[in-house]
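Q: Sharing a structure below in structure tokens format, with a few things to ask.
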Amino acid sequence: MLAHFPVQADTRALELLHFESISEGAIANILAHVCLAIRHYDWDSWSIHMNGLSLIANVRGGFADLGCHMALLILLYDLAGAMVFDSFPRFDLPLQIVGISNRSSRLPAPRLQALLVQPMSPTFLPASQALRMVSSIADVININSRCASFWKKDIDAIRMIGPCIHFLLSMPRLPSDFMVMADPEDLIARELIRLTCLMLMSKLKELFAFPPSEQDSLHARLAGFVSQNVKTLGKMYIELKVWALVTVALLRYHDGRDVYVQEMKREMSAMDKPSPSEFTEIAKDIIWIDILMSPFSEDLAADLTPRVASEETHCVGRRQI
């Protein structure tokens, strides 16, 4: 099917094609190829087929007339590759879910609520909105996560996490010259929140049995960003910084927590050595997804606990012997 849509074809050429070439059936055929490309981690094929969908969308004037199921698949497949490359989504949110709110009937956690009502830089405002969205999703997950059937509702899952992922990928990126700009701390905090929230959404996507294709590239991006930039964040963003570090350390506990643990130890020293449990409590009182974060919280606390006292005791015992 995609042979009808060469990558270099212009819109005028597509307009001359037969109607069936841009019909719902043709789109379904392309989506089948996209699904296969994602499952095989074939991102060149994904890109070519998504280019074809973009050209079809231009000719059709969008996908507003498609059925809800197909519109949600286009959203899912668009976001799948965009998360791998950390690129902007190709398509707008489908009309079928625009305006649907995941907002919980409960207020955000007290600490997050207090942070969100503080005056903040316009630069950071998108991160504030992202935190609200993720907080609402976390509430839904914490209520329903013990129900096995909840994790099998893939269409509901796309409706729930799709708009949030789309928003995170649509947020401004960190400018290359951010350190010479007037608000580097706000820019760093915004990017830290964006990447941390993307990692959370990626882990949820995996729990819903969608391919977690983006996790390695996303982790590499986040680990590099943390090691290079988070030391710049001062008192204004300290609690959000702690939340981000604790969150990502727990999400990558088996294979990549070291950079986050190291930064948390440095922060504990700068904060007059609060206990590891205090760090965890800060995170719990901002956004906490129990099924993802609780299993390793005690192990993380042990990683953060100074071992000087126990080592000294061991040495004294050896001298007495």
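The sequence shown stops at residue 320 when you use numbering that gives the first Met the number 0, and every number in between is there.
Beta carbons: idealized from backbone N, C-alpha and C, even for Gly.
1) Put residue 209 into one of helix, strand or coil per three-state DSSP.
2) Would you kindly work out how many angstroms separate the C-alpha atoms of residue 152 and residue 86, rounded to a whole number?
3) CA-CA distance, residue 120 and residue 95?
4) Inspect the beta-carbon positions of residue 203 and residue 249 and report whether they are closer than 8 Å.
5) Report the option in 198, 294, 56 and 284 whose CA atom is closest to the CA atom of residue 109.
6) Tell me which residue opens and which closes the alpha helix (DSSP H) that residue 68 is part of.
7) In whole angstroms, what separates the C-alpha of residue 165 from that of residue 231?
8) Can at least three beta-carbon pairs, one atom from the segment 41-54 and one from the segment 176-191, be found at a separation below 8 Å?
9) Using CA atoms only, rank isn't needed, just tell me which of 184, 168 and 258 is closest to residue 234.
10) Confirm, please, whether the CB-CB distance from residue 243 to residue 192 is below 8 Å.
11) Please report the distance separating the alpha-carbon of residue 264 from that of residue 279.
12) Using only CA atoms, which one of 273, 53 and 224 lies nearest to residue 175?
13) Do residue 196 and residue 258 have their beta-carbon atoms positioned less than 8 Å apart in this structure?
14) Measure the beta-carbon distance from residue 302 to residue 241 and round it to whole angstroms, keeping in mind my assumption that it falls under 8 Å.
15) Measuring CA to CA, which of 273, 39, 42 and 65 is closest to residue 21?
16) Is the beta carbon of residue 122 sitting closer than 8 Å to the one on residue 38?
17) With burial defined as no fewer than 16 other Cβ atoms inside 10 Å of the residue's Cβ, what is the status of residue 271: buried or exposed?
18) What runs of the alpha helix (DSSP H), each 4 residues or longer, lie entirely inside the segment 95-163?
19) Tell me the DSSP secondary structure of residue 295 in three-state form.
20) Taking 8 Å as the cut-off, decide whether the C-beta atoms of residue 73 and residue 52 are in contact.
21) Three-state secondary structure (DSSP) at residue 233?
22) Among residues of its own chain, excluding the 5 on either side of residue 106, which ones have a beta-carbon nearer than 7 Å to its beta-carbon?
23) Out of curiosity, what's the CA-to-CA distance linking residue 71 and residue 219?
24) Where does residue 76 land, buried or exposed, given buried means 16+ other C-beta within 10 angstroms?
25) State buried or exposed for residue 40, treating a residue as buried only when at least 16 other CB atoms are found within 10 Å of its CB.
26) Could you pull the start and end residues of the alpha helix (DSSP H) that residue 215 belongs to?
27) Taking the alpha carbon of residue 328 as the point to measure from, which residue in 118, 194, 81 and 90 has its own alpha carbon closest?
A: So, from the data block:
1) If you number the sequence shown from 1, residue 209 lands on position 210. It is coil, neither helix nor strand.
2) The count along the sequence shown starts at 1 and reaches residue 152 at position 153. The count along the sequence shown starts at 1 and reaches residue 86 at position 87. Cα-Cα distance, rounded: 27 Å.
3) Within the sequence shown, numbered from 1, the residue matching residue 120 stands at position 121. Within the sequence shown, numbered from 1, the residue matching residue 95 stands at position 96. Each residue's alpha carbon lies about 33 Å from the other.
4) For this step, residue 203 is matched to residue 204 along the sequence shown. For this step, residue 249 is matched to residue 250 along the sequence shown. Result no, Cβ atoms of residue 203 and residue 249 do not sit closer than 8 Å.
5) Locating residue 109 in the sequence shown gives position 110, counting from the first residue. That would be 284, whose Cα lies nearest to the Cα of residue 109.
6) The residue you call residue 68 lines up with position 69 of the sequence shown. Run containing residue 68: 67-84, per the alpha helix (DSSP H) assignment.
7) As a first step, residue 165 is located in the sequence shown; it is residue number 166 there, counting from the start. As a first step, residue 231 is located in the sequence shown; it is residue number 232 there, counting from the start. If you take the alpha carbons of residue 165 and residue 231, they lie about 28 Å apart.
8) no
9) Taking the sequence shown and counting its residues from 1, one reaches residue 234 at position 235. Residue 234 has its Cα closest to that of 184, out of 184, 168 and 258.
10) Position 193 of the sequence shown, counted from the first residue, corresponds to residue 192. Position 244 of the sequence shown, counted from the first residue, corresponds to residue 243. In this structure, residue 243 lies closer than 8 Å to residue 192 by Cβ.
11) The residue given as residue 264 occupies position 265 in the sequence shown. The residue given as residue 279 occupies position 280 in the sequence shown. Those two C-alpha atoms are separated by around 13 Å.
12) Mapped onto the sequence shown, residue 175 falls at position 176. Nearest of 273, 53 and 224 to residue 175, Cα basis: 224.
13) Reading the sequence shown from its first residue, position 259 is the one you call residue 258. Reading the sequence shown from its first residue, position 197 is the one you call residue 196. It is not a contact, given that the beta carbons lie outside the stated cut-off.
14) On the sequence shown, residue 302 is found 303 positions in, with the first residue counted as 1. On the sequence shown, residue 241 is found 242 positions in, with the first residue counted as 1. Wrong, their Cβ atoms sit about 15 Å apart, outside the cutoff.
15) As a working note, residue 21 is residue 22 in the sequence shown. Nearest C-alpha to residue 21: 65.
16) Working through the sequence shown from its first residue, we reach residue 122 at position 123. Working through the sequence shown from its first residue, we reach residue 38 at position 39. Against a cut-off of 8 Å, the Cβ pair of residue 38 and residue 122 comes out as no contact.
17) Counting from 1 along the sequence shown, the entry for residue 271 is found at position 272. Per the 10 Å Cβ criterion, exposed.
18) 109-115 and 124-143
19) Position 296 of the sequence shown, counted from the first residue, corresponds to residue 295. Looking at residue 295 - three-state DSSP - the assignment turns out to be helix.
20) As a position in the sequence shown, residue 73 is number 74, starting the count at 1. As a position in the sequence shown, residue 52 is number 53, starting the count at 1. Less than 8 Å divides the Cβ of residue 73 from the Cβ of residue 52.
21) As a working note, residue 233 is residue 234 in the sequence shown. Three-state result, residue 233: coil.
22) Residue numbering aside, residue 106 sits at position 107 when the sequence shown is read from its first letter. Its chain contains 112 as the residues whose beta carbon lies nearer than 7 Å to that of residue 106, once the 5 sequence neighbours on both sides are disregarded; these appear in chain order.
23) Counting from 1 along the sequence shown, the entry for residue 71 is found at position 72. Counting from 1 along the sequence shown, the entry for residue 219 is found at position 220. Straight-line Cα distance between these residues: approximately 28 Å.
24) Indexing the sequence shown from 1 puts residue 76 at position 77. Buried.
25) Taking the sequence shown and counting its residues from 1, one reaches residue 40 at position 41. Classification of residue 40: exposed, given that the 10 Å Cβ count is below 16.
26) Residue 215 sits at position 216 when you count from the first residue of the sequence shown. Note, residue 215: alpha helix (DSSP H), 214-228.
27) Given a span of 0 to 320 for the chain in the structure shown, any question on residue 328 remains unanswerable.
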